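K.L.:
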Amino acid sequence: MWNRELLKNNAKDALRRYYLPAFLVCLVTALLCGGANVTIHLREGVEESLHFFRHMDFGILLGIFSTLFMASVISTLFHIFVGNVLEVGSAKFFVESRNEGRAAPLETVLAGFTNDYGKTVITLFLRNLYIALWSLLFVIPGIVKAFEYRMLPYILADYPDITRQDAFALSRRLMDGHKMEAFLLQISFIGWYMLGALLFGIGVYFVYPYVEATFAEFYTALKETTPL
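According to my numbering, the sequence shown is numbered sequentially starting from 18.
1) Kindly confirm or deny that the segment 221 to 231 and the segment 150 to 161 touch, where touching means at least three C-beta pairs closer than 8 Å.
2) Should residue 211 go down as buried or exposed, given a rule of 16 or more other Cβ atoms within 10 Å for buried?
3) What separation, rounded to the nearest whole angstrom, lies between the Cα atoms of residue 57 and residue 92?
4) Taking just the CA atoms, how far does residue 200 sit from residue 126?
5) Three-state secondary structure (DSSP) at residue 195?
6) Looking at C-beta atoms only, is the number of pairs between the segment 187 to 198 and the segment 156 to 169 that lie closer than 8 Å three or more?
7) For residue 147, which residues in the same chain have their Cβ closer than 8 Å to its Cβ, ignoring the five residues on either side in sequence?
8) Which residue spans inside the segment 140 to 201 form an unbroken alpha helix (DSSP H) run of at least 4?
9) Thinking just about the alpha-carbon of each residue, which of 119, 137 and 229 is nearest to the one in residue 46?
10) Looking at residue 177 and residue 105, is the spacing between their C-beta atoms short of 7 Å?
11) Please list the terminal residues of the continuous alpha helix (DSSP H) segment that includes residue 115.
12) Residue range of the alpha helix (DSSP H) that residue 242 falls in?
13) Would you report the Cα separation of residue 89 and residue 136, rounded to the nearest angstrom?
14) Using the three-state DSSP reduction, which class does residue 208 fall into: helix, strand or coil?
15) According to DSSP, simplified to helix, strand and coil, what is residue 26?
16) Could you say which of 124, 232 and 133 lies nearest to residue 38 if we only look at CA atoms?
17) Assuming residue 195 contacts residue 239 under a Cβ cut-off of 8 Å, what Cβ separation, rounded to an integer in Å, is found between them?
18) Does the beta-carbon distance from residue 233 to residue 115 come in below 7 Å?
19) How is the alpha helix (DSSP H) around residue 129 delimited, first residue to last?
20) Could you check how far apart the C-beta atoms of residue 97 and residue 142 are, in whole angstroms? I think they sit under 8 Å.
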């Protein structure tokens, strides 16, 4: 029977064989998905500096906020059409590497763009939308839904011909009774993230492969113990 310690130990053993390719996949994915974070920091900077703008010409203010709005729109679209899709490729890379005992080809990270791209975009957009809507009912329902749909990228990577409805249903089935385990597994990396943050935040990138390899183990364990 699997447990959190076993999953993490298996992930560490696997990464000893292909840590560098795994790091490159995580680095590319993190950098390409970082647009939203840039926009958030930009918005926060503008909000903190509003008192400097009070005496500015209205046209200048309009230009600033128009630029900020466009940056938010572009970032959101990029996340929908690129960032989400890279999640599928990353999941496929780690599951295949785990199963083969060696690094999958680096181009595997692009699998989401070739395996029914439209379905992938719509499915993960709806995932984010559902989580956001459930979060409006207070934070906890949104967290529950986030973990209920946690396996969607792995499912889309593993079953490229699956329908959108079946993908959601399969994720719910896999996570039934395991959402708390996934939550505890996720927060078990907090210490690693804090340690990585001490290195000017750069160290966090070195933690990502460990997290992704562990969740690939988690997904595999769920598949092997859940009737599909």
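A virtual CB, placed ideally from N, CA and C, is assigned to each residue, including glycine. What you are looking at is a predicted structure, and each value in this text was computed from that prediction instead of being measured.
P.N.:
For this structure:
1) Because the criterion of three Cβ pairs below 8 Å is not met, the segment 221 to 231 and the segment 150 to 161 do not touch.
2) Residue mapping note: residue 211 aligns to position 194 of the sequence shown, counting from 1. Label assigned to residue 211: exposed.
3) Against the sequence shown, residue 57 aligns to sequence position 40. Against the sequence shown, residue 92 aligns to sequence position 75. Summary for residue 57: the model assigns pLDDT 40, below 50, so the residue's position carries little reliability; its value from the coordinates is reported in the next sentence. Distance from the CA of residue 57 to the CA of residue 92, rounded to the nearest whole angstrom, comes to 10 Å.
4) The residue labelled residue 126 in the question sits at position 109 within the sequence shown. The residue labelled residue 200 in the question sits at position 183 within the sequence shown. The alpha-carbon atoms of residue 126 and residue 200 are separated by roughly 25 Å.
5) The sequence position of residue 195 within the sequence shown is 178, counting from 1. It is coil, neither helix nor strand.
6) yes
7) Your numbering for residue 147 matches position 130 in the sequence shown. Cβ neighbours of residue 147 beyond the five flanking positions: 162 and 166.
8) As far as the segment 140 to 201 is concerned, its whole alpha helix (DSSP H) runs of at least 4 residues are 156 to 165, 169 to 175 and 181 to 192.
9) Indexing the sequence shown from 1 puts residue 46 at position 29. The residue with the shortest Cα to Cα distance from residue 46 is 229.
10) Position 88 of the sequence shown, counting from 1, holds the residue named residue 105. Position 160 of the sequence shown, counting from 1, holds the residue named residue 177. Going by C-beta atoms, residue 105 is not nearer than 7 Å to residue 177.
11) For this step, residue 115 is matched to residue 98 along the sequence shown. Counting along the chain, the alpha helix (DSSP H) containing residue 115 begins and ends at 101 to 117.
12) As a working mapping, residue 242 is identified with position 225 in the sequence shown. Start and end: 221 to 242.
13) Counting from one through the sequence shown, the residue named residue 89 turns up at place 72. Counting from one through the sequence shown, the residue named residue 136 turns up at place 119. The straight-line gap from Cα to Cα measures roughly 24 Å.
14) Within the sequence shown, residue 208 is the residue found at index 191, counting from 1. Residue state, collapsed to three classes: helix.
15) Looking up residue 26 in the sequence shown gives position 9. Of the three classes helix, strand and coil, the one that applies to residue 26 here is helix, per DSSP.
16) Counted from its first residue, the sequence shown places residue 38 at position 21. Measuring from the Cα of residue 38, the nearest candidate turns out to be 124.
17) Your numbering for residue 195 matches position 178 in the sequence shown. Your numbering for residue 239 matches position 222 in the sequence shown. Right, their Cβ atoms sit about 6 Å apart.
18) For this step, residue 233 is matched to residue 216 along the sequence shown. For this step, residue 115 is matched to residue 98 along the sequence shown. Less than 7 Å divides the Cβ of residue 233 from the Cβ of residue 115.
19) Translated into positions along the sequence shown, residue 129 becomes position 112. From DSSP, the alpha helix (DSSP H) with residue 129 extends over 128 to 131.
20) To locate residue 97, count along the sequence shown from 1; it is residue 80. To locate residue 142, count along the sequence shown from 1; it is residue 125. Rounded, the Cβ-Cβ distance is 5 Å, consistent with contact.
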